[in-house]
Amino acid sequence: MTSACPGGDQGYGAPGPGPAPRLVVQPPDHRGWRRVRCDGRSLGTAYRISDIAVFLAATGMEDAEDFDLTDPALVDWRGGGPDCWTPPEA
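Sequence positions in the sequence shown follow this note's numbering and run 1429 to 1518.
Structure below.
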């Protein structure tokens, strides 16, 4: 498996015991945009899921467009999964 984040090892663990996913997608903000972090470092603000592959490619990840963003062992989606891009209700 190729590391999703630069400078890290290649291991990922499922939620629960063991290492947590290193790629974290924050809940949608008031516009529906989501902050993306890896190993605590900000990669940017995603306006749609395809932006995340762009961020990963910018880190030097090969085949970033093939990274499985739906795998909870790889990505911690907070405040909704990969299909949630709507602002929260006020």
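Note that the Cβ used here is the ideal one computed from N, Cα and C, for glycine as well.
In the displayed model, ASP1504 falls within a strand according to three-state DSSP.
When the alpha-carbon of ASP1467 is set against those of PHE1495, PHE1483, THR1473 and PRO1449, the nearest one is in PRO1449. Judged by DSSP in its simplified three-state form, LEU1451 adopts strand. Distance from THR1514 to GLY1460 at the Cβ level is roughly 5 angstroms; contact confirmed, criterion being Cβ atoms closer than 8 angstroms. Under the three-state reduction of DSSP, LEU1471 is assigned to strand. By the neighbour-count criterion, in which a residue is buried when 16 or more other Cβ atoms sit within 10 angstroms of its Cβ, VAL1503 is buried.
Only residues of its own chain outside the window of five on either side were considered, and among them ARG1462, VAL1464 and ILE1480 have a CB closer than 6 angstroms to the CB of ALA1474, listed in chain order.
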